[in-house]
Every structure is written in C-alpha cells, then in structure tokens.
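S.K.:
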Amino acid sequence: MNTLQISLYTLALLIALALLFDFMNGFHDAANAIATVVSTGVLRPQTAVAMAAFFNVVAIFFFQLKVASTVGKGTIEPSIVDHYVVFGALVGAIFWNVLTWYYGIPSSSSHALIGGLVGAAVAKAGTGSLISGGLIKTISFIVLSPLLGFVFGSLMMLLVSWIFVRSTPRRIDKWFRRLQLISASMYSLGHGGNDAQKTMGIIWMLLIAAGYTTAQDPLPWWVIIGCYTAIGLGTLFGGWRIVKTMGQKITKLKPVGGFCAETGGAITLFLATALGIPVSTTHTITGAIVGVGSSRKMSAVRWGVAGNIVWAWILTIPASAFVAAIAWWIGTKIL
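Heads up: the sequence shown begins at 10 in the numbering used here, then just goes up one per residue.
#1: What's the C-alpha gap between A21 and S163?
#2: Quick check: the Cα distance between V127 and I276, rounded to an integer number of angstroms?
#3: How many Å lie between T49 and V160 at the Cα?
#4: Compute the Euclidean distance between the alpha carbons of A334 and M33, then round it to the nearest angstrom.
#5: Could you check if L168 is buried or exposed, using at least 16 other CB atoms within 10 Å of its CB as the buried criterion?
#6: If you check the beta carbons only, do A62 and L245 fall under 8 Å apart?
#7: Check the C-beta distance from G137 over to P327 and give it rounded, since I have them as a contact under 8 Å.
#8: For K82, I'd like the list of residues in its chain whose CB is within less than 7 Å of its CB, leaving aside the five on either flank, ordered along the chain.
#9: Considering only residues of the same chain and omitting the five flanking positions on each side of G256, which have a CB-CB separation below 7 Å?
#10: DSSP on L139, reduced to helix/strand/coil?
#11: Terminal residues of the continuous alpha helix (DSSP H) containing Q55?
#12: Give a yes or no on contact between the stretch 187-202 and the stretch 52-69, applying the rule of three or more CB pairs nearer than 8 Å.
#13: Quick one: residues in its chain with C-beta nearer than 7 Å to the C-beta of P155, no 5 flanking neighbours on either side, listed in chain order?
#14: For I85, which residues does DSSP report across the bridge?
#15: Using beta-carbon positions only, say whether M214 and V90 come within less than 8 Å of one another.
#16: Is there at least one non-hydrogen atom of the ligand NAD closer than 7 Å to the beta-carbon of R186?
#17: Taking the alpha carbon of T109 as the reference point, which residue from A336, W230, W320 has its own alpha carbon closest?
#18: Judging by CA-CA distance, which residue of H120, I140, L17, M165 is the nearest neighbour of F268?
#19: Under 8 Å, do A102 and S118 count as touching if we go by C-beta distance?
#20: Here's the rule: buried if 16 or more other CB atoms are within 10 angstroms of the residue's CB, otherwise exposed. What is S289?
#21: Excluding five sequence neighbours on each side, which residues of the same chain lie with their C-beta closer than 8 Å to the C-beta of T79?
#22: Residues in its own chain within less than 6 Å of A270 by CB, not counting five upstream and five downstream?
#23: Going by C-alpha to C-alpha distance, which of P264, Y221, S176, F64 sits closest to N203?
#24: Return helix, strand or coil for Q189, following the three-state DSSP convention.
#25: Quick one: using the 10 Å Cβ neighbour count with 16 as the cut-off for buried, is W230 buried or exposed?
#26: Please state whether the Cβ-Cβ distance between Y18 and T341 is less than 8 Å.
#27: For Y237, which of L23, S16, L29, F185 has the nearest alpha-carbon?
#28: Within its chain, find whatever has a CB closer than 6 Å to the CB of I181; leave out the 5 residues flanking it on each side and keep chain order.
#29: Just to confirm, are V95 and L23 a CB contact at a threshold of 8 Å?
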C-alpha cells in the first residue's frame, strides 16, 4: 500500500468520527443487552445500562482482536483505502444507525459499517475492490447469527424446563431473577468484545493507509482503550426507543426466558468473536428471543413484529452502502 498524505487535522477528524460511530453503536445496541433484563423487571433501566456499559469495557481483557483484523484487513482491498473511503463508510453507517434508532427499529450497526465500507469502496474503485472471502463470511452470519441464537435460546429453554420440571413457578422466578444478572452480564461482555473491535478495524485501516503503522504491527493500545470506552459510554446513554420492541413486542418474557435468551445470545457472540467474525448483536438476541418464545408455543411469538425487523436487516447493507457512496463523493470535495 502506498502511504497517503493525510493531514493530522483530517486524521484526527476521521478518528473522532470513528469513535462517534462506536458511541452510536453502543447507544443503538444498548437495548440488545438490557431489554430482556429490564422487561422482566429484574433490574431498573439505569442499573441495567450501567452494568451493561461496565461489561462492554471489561471485554478488553477477554477477547483477542480477531474481529478487528477481519474488518481492517479482510473486507475491502487495503490498497484502495484512503481518508475518503473511511469518511464515506462512517457517514453511511452513522446515518443508518440514527435513522433506525429514531424509528425504534432494531438493526445491525455491524452490517451498517460493512455496508458503508462496501459502498465507499465500490464508489471509488468498483466491485473489484471487495474481498469476497471476508464479505461472504460476514454476510452469511446475517442468517447464521440469528439462527444460532434461535437454536441456543430454544435449547436453553428446553433444558431449563426439563431440569426444573418439578419446581414451582414462584421458586423458578426467584432463582432466575438472580441468574439473569449473570446472563445479562455475559451478553454485554460478548457485545463489547465483538462490536468495539469493528471500530478498531476502521481506525487500524486508516492508520495503515496514513503510514502511522503497518499491517504487521500490533494495533496501538490507545485505539483499543478508546474504542472500548466509546462503546461503553454509548451503552451508558442507551437507546431507549428500541428496548420495548426487543423486550416485549416480539414475545412476553419472564426471568427464566430472559436468562435463556441472553445465555443463547452470549454463546453465539463468544463463538463468533473467537472465530474473528463480525456479527450483529441485534440479529443474535432477536433470534434467541424468538427461540425462547417458540419453544413454548409458536403463537407466543409476534411474527409480524419479527418480520418487520428482518426487513430492516435486509435493507441495512444496501441502504448504508448507498449513503456511503454519496458521502465518499462529498468527502472528495471537502476533505
């Protein structure tokens, strides 16, 4: 890759924009981590977001930077990356996050970012600039992450039902109000571990293009700390518009159901992060909630609400890519 001449001002502006996206990621996806524990009445909203934000940041000690590597070096050709591409990708992703937050639609910040990268890269250099292997792996998990969440969530519900078959509803509720604190913490840990690394990948891509580091060098520590802190702060100020959709509109949850959904989702996130696959926490927890609801009976799930969410998933990449392509062109005029 040829080193670009990027002014320190432009570099700082783009890093700030990346951290803003990371903040919006936490803000937008806070509902994924806390909706079940809030809607079941286990925690008050303020306590839930504080706990989720804490575990978002603590994830720094638990996960390797495989997802950051996939985003930074495995999505688009490094040779075409410049400040215009990064600007377009971030603007496209932030636009889609703000739009879906405003309308209370649970969508994927992860795939908004991938869509932004694709749109900006194609606008600059055509489809040949895309790395098919990394994109196929990421896009396939649009289907696989909610499917895995569904499977793990429903299996957890069936397993718990079998283990506690002789227990009274009152005793089950008492136990799982406590256990849901653990499951919500684990889900928030997985959320921070996977999602914060996507922004690290973008900043890494920019620093390599600007010649401040090389692809062989480790990611600077200040990038890691900055991204985990930004997503934690975003979660702390959480997007309340989406909580009701996730926590009650898809299916009615009790503490035992919340525990099973969060545990199933956490297992999926831990697995994807270990494999270096950027997945959607929104897709994952939605699949797990649907799995919990359908394990009781199919009519317990409001399939119309779930269907509307799926449409948002389908539109995320093309919509953010379209906006990113326009933003790339604007970036070439103003940066």
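Where a beta carbon is used, it is the ideal one built from N, C-alpha and C, also for glycine.
Please read these numbers as outputs of a predicted model, since none were measured by experiment.
M.R.: Taking the structure as given:
#1: By 1-based counting over the sequence shown, the position of residue 21 is 12. By 1-based counting over the sequence shown, the position of residue 163 is 154. The alpha-carbon atoms of A21 and S163 are separated by roughly 46 Å.
#2: Stepping through the sequence shown from its first residue, residue 127 is reached at position 118. Stepping through the sequence shown from its first residue, residue 276 is reached at position 267. About 29 Å.
#3: Here residue 49 corresponds to residue number 40 of the sequence shown, with the count starting at 1. Here residue 160 corresponds to residue number 151 of the sequence shown, with the count starting at 1. About 21 Å.
#4: Within the sequence shown, residue 334 is the residue found at index 325, counting from 1. Within the sequence shown, residue 33 is the residue found at index 24, counting from 1. Cα to Cα, A334 sits roughly 20 Å from M33.
#5: Translated into the one-based positions of the sequence shown, residue 168 becomes position 159. Its Cβ having fewer than 16 others within 10 Å, L168 is exposed.
#6: Mapped onto the sequence shown, residue 62 falls at position 53. Mapped onto the sequence shown, residue 245 falls at position 236. The answer is yes: Cβ separation under 8 Å.
#7: The residue you call residue 137 lines up with position 128 of the sequence shown. The residue you call residue 327 lines up with position 318 of the sequence shown. At roughly 19 Å, the Cβ-Cβ gap does not stay under 8 Å, so G137 and P327 are not in contact.
#8: In the sequence shown, counting from the first residue as 1, residue 82 sits at position 73. Here the set comprises A224.
#9: As a working note, residue 256 is residue 247 in the sequence shown. Caution is warranted here: a pLDDT of 45 is assigned to G256, below 50, making its placement in the model unreliable, and no coordinate value can be reported.
#10: Position 130 of the sequence shown, counted from the start, is the residue given in the question as residue 139. It is a strand residue.
#11: Start at 1 with the first residue of the sequence shown, and residue 55 comes out as number 46. It spans 54-67 - the alpha helix (DSSP H) in which Q55 sits, taken as one unbroken run.
#12: yes
#13: On the sequence shown, residue 155 is found 146 positions in, with the first residue counted as 1. If we look at P155 and ignore the five residues flanking it on each side, its Cβ neighbours are H292, T293, T295, G296.
#14: On the sequence shown, position 76 is the one that residue 85 refers to. In DSSP, I85 forms a bridge with L139.
#15: Here residue 214 corresponds to residue number 205 of the sequence shown, with the count starting at 1. Here residue 90 corresponds to residue number 81 of the sequence shown, with the count starting at 1. Going by C-beta atoms, M214 is nearer than 8 Å to V90.
#16: Of ligands this structure carries none, so the ligand NAD is not represented either.
#17: Residue mapping note: residue 109 aligns to position 100 of the sequence shown, counting from 1. Of the candidates A336, W230, W320, the one whose C-alpha sits nearest the C-alpha of T109 is W320.
#18: Within the sequence shown, numbered from 1, the residue matching residue 268 stands at position 259. For the residues H120, I140, L17, M165, the minimum Cα distance to F268 belongs to M165.
#19: Within the sequence shown, numbered from 1, the residue matching residue 102 stands at position 93. Within the sequence shown, numbered from 1, the residue matching residue 118 stands at position 109. Yes, these two residues count as a Cβ contact at 8 Å.
#20: Sequence index remark: in the sequence shown, residue 289 carries index 280 (1-based). S289 should be labelled buried.
#21: For the purposes of this step, residue 79 is taken as residue 70 along the sequence shown, with counting starting at 1. Around T79: G143, K146, T147, G210, G285, I286, P287.
#22: The sequence position of residue 270 within the sequence shown is 261, counting from 1. Excluding positions up to five away in sequence, the list reads T45, G162, A297, I298, V301.
#23: In the sequence shown, the residue the question calls residue 203 occupies position 194. Answer by Cα proximity: F64.
#24: Working through the sequence shown from its first residue, we reach residue 189 at position 180. Note: Q189 maps to helix in three-state DSSP.
#25: The sequence position of residue 230 within the sequence shown is 221, counting from 1. Exposed is the call here.
#26: Looking up residue 18 in the sequence shown gives position 9. Looking up residue 341 in the sequence shown gives position 332. No.
#27: For this step, residue 237 is matched to residue 228 along the sequence shown. Ranking L23, S16, L29, F185 by Cα distance to Y237 puts L29 first.
#28: Position 172 of the sequence shown holds residue 181. The answer, listed in chain order, is F173, V265.
#29: Along the sequence shown, one-based indexing puts residue 95 at 86. Along the sequence shown, one-based indexing puts residue 23 at 14. For V95 and L23, yes; Cβs fall inside 8 Å.
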